[in-house]
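Visitor: Before we start, here is the structure in question, set down as structure tokens.
Residue numbers (the working numbering), protein chains in the order written: chain Y, 1 to 148; chain E, 1001 to 1148; chain H, 2001 to 2148.
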């Protein structure tokens, strides 16, 4: 790959991740499911509310259903920053993103709000000409909560 | 346009939007006016404090005067994230940006602070060799206020 | 430099700054030191807690030691946004970044938290084939504190 091809792949992966955020926060669950490879793996082990041993979800469709189940009724704002994307072959790449999420639950939930900060550690795969998220693992710098 | 030309246009539009934010927050109103095309349209319908039917401002100069009138005495912080920019021709483009704004009013204002989140939906035009914002519409995910 | 070469330099500088943030917030001090040129200059004059005339630190190693001394025990989250990077020669560049930092001190400190917003004004140099931060000056839009 020459410099322009690598840069184009980097930009395409940035826009893929932009759709990940926008579709989640606007509750466009079809659009959200489309960012994942069919055999994608999401690892949210250690996230609050995630029982031990249940933080790994396998398959793009299952991931989208899981995330929808977690946040569909929640007002969510997710931001990504400062990507470090490395194109490792014409069809594979890795990336680290700084992230921040601000959640507000409906009034009948025991939790009022959450405000968190951390990093996504991801891999990507180009499938049928389009980049998809192949794996995503979330680590945290800090998480704050407000309970009702 | 080849890949390098498209990527250059994407980067130029990112830097155009960066000047939009920096000039607004540092109150560089000449610099702020220069980010718009002469016939630009800003749509802030639905923003708090905007009367029904008065949220569409037409013309780059009028937009800059309007925004200055709204926030010149306000300590503002505006951040943009995760652009999805599509180059639709050598002189036209579209973009969606995630955004966050944090405003603090002077002590004699009835409102103390505002903290909002949403998306810009924009179009761009290359005029005399430079990309400008042609239209901008703001949608919101969440807005919080503190009154005095 | 052709368009692809300039864009590659811009992307490399973005990833350099991404390492600056990630290494500081994860306390990877060796990685943090490696983002600076040997003769780099950091100017944090005007930052709270910085005595007059003591805000300029010279030398990449000294900068890394200074920053470690300031924030190693502090839970820090630093985000960068909206870069305006200009490649001024094959080995030099300038950049402006919007920034936000959220700090939480250990329980025995008199200060509880700080939340700030501003801009980095930077220069970069390519040394032995790798971009490094050559100078960094921080200006502020707003800073909030909470004391214990």
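Note that CB positions come from ideal geometry on N, CA and C, so glycine has one too. No experiment lies behind these values; they were computed from the predicted model shown.
(1) If distances are taken between C-alpha atoms only, which option among E:1024, E:1099, E:1003, E:1059 comes closest to residue 1039 of chain E?
(2) Give me the Cα-Cα distance between residue 1094 of chain E and residue 2112 of chain H, rounded to the nearest whole angstrom.
(3) Determine the DSSP secondary structure at residue 105 of chain Y, reduced to helix, strand or coil.
(4) Rounded to whole angstroms, what's the CA-CA distance from residue 1131 of chain E to residue 1121 of chain E? Just pull it up for me.
(5) Using a Cβ-Cβ cut-off of 7 Å (strictly less than) and excluding sequence neighbours within five positions of residue 1027 of chain E, which residues of its own chain qualify?
(6) What do you reckon, are the CB atoms on residue 2138 of chain H and residue 2118 of chain H nearer than 7 Å?
(7) In chain Y, which residues lie with their C-beta within 9 Å of the C-beta of residue 1098 of chain E?
(8) In chain H, which residues lie with their C-beta within 8 Å of the C-beta of residue 84 of chain Y?
(9) Quick one: does residue 1140 of chain E have its CB under 7 Å from some CB of chain Y?
(10) So, does the region 1018-1026 of chain E touch the region 1064-1084 of chain E, judging by three or more C-beta pairs under 8 Å?
(11) Can you give, in chain order, each stretch of the alpha helix (DSSP H) that sits fully within the region 2061-2107 of chain H and has at least 4 residues?
(12) Determine, for residue 1124 of chain E, whether the minimum Cβ-Cβ distance to residues of chain Y falls below 7 Å.
(13) Determine the closest residue to residue 2074 of chain H out of H:2080, H:2110, H:2092, with distance taken between C-alpha atoms.
(14) Return the CA-CA distance between residue 6 of chain Y and residue 2009 of chain H, expressed in angstroms with no decimal places.
(15) In whole angstroms, what separates the C-alpha of residue 2051 of chain H from that of residue 2045 of chain H?
(16) Please tell me whether residue 7 of chain Y has its Cβ less than 7 Å away from any Cβ of chain H.
(17) Pick from Y:3, Y:4, Y:18, Y:31: whose alpha carbon is nearest that of residue 1080 of chain E?
(18) For residue 2125 of chain H, which residues does DSSP report across the bridge?
(19) Let me know if residue 2048 of chain H comes out buried or exposed under the rule of 16 or more other beta-carbons within 10 Å of its beta-carbon.
(20) For a quick check, are the C-beta atoms of residue 16 of chain Y and residue 136 of chain Y less than 7 Å apart?
(21) Residue range of the beta strand (DSSP E) that residue 2038 of chain H falls in?
(22) Give the straight-line distance between the Cα atoms of residue 2012 of chain H and residue 2126 of chain H, rounded to the nearest whole angstrom.
(23) Could you run through the region 1109-1133 of chain E and flag, in chain order, every residue whose CB is less than 8 Å away from some CB of chain Y?
(24) Output needed for residue 1147 of chain E: all residues of its chain with C-beta closer than 7 Å, excluding positions within five of it in sequence on either side, in chain order.
(25) Between residue 2057 of chain H and the rest of its own chain, which residues show a CB-CB distance below 6 Å, the 5 nearest in sequence each way excluded?
(26) Are residue 2084 of chain H and residue 2096 of chain H close, meaning C-beta to C-beta below 7 Å?
(27) Which one or two residues does DSSP pair with residue 1056 of chain E in a beta bridge?
(28) Straight-line CA distance for residue 14 of chain Y to residue 1108 of chain E?
(29) Please confirm whether residue 40 of chain Y has its beta-carbon closer than 7 Å to some beta-carbon of chain H.
(30) With a cut-off of 7 Å, does the C-beta of residue 2004 of chain H fall near any C-beta of chain Y?
Guide: Quick answer:
(1) E:1059
(2) 43 Å
(3) coil
(4) 16 Å
(5) 1072
(6) yes
(7) 18, 21, 22, 25, 77, 78, 79, 80
(8) 2015, 2018, 2019, 2022
(9) no
(10) yes
(11) none
(12) no
(13) H:2110
(14) 13 Å
(15) 8 Å
(16) yes
(17) Y:18
(18) H:2092, H:2132
(19) exposed
(20) no
(21) 2036-2043
(22) 10 Å
(23) 1117, 1119
(24) 1110, 1111, 1112
(25) 2042, 2063, 2066
(26) yes
(27) E:1043
(28) 43 Å
(29) no
(30) yes
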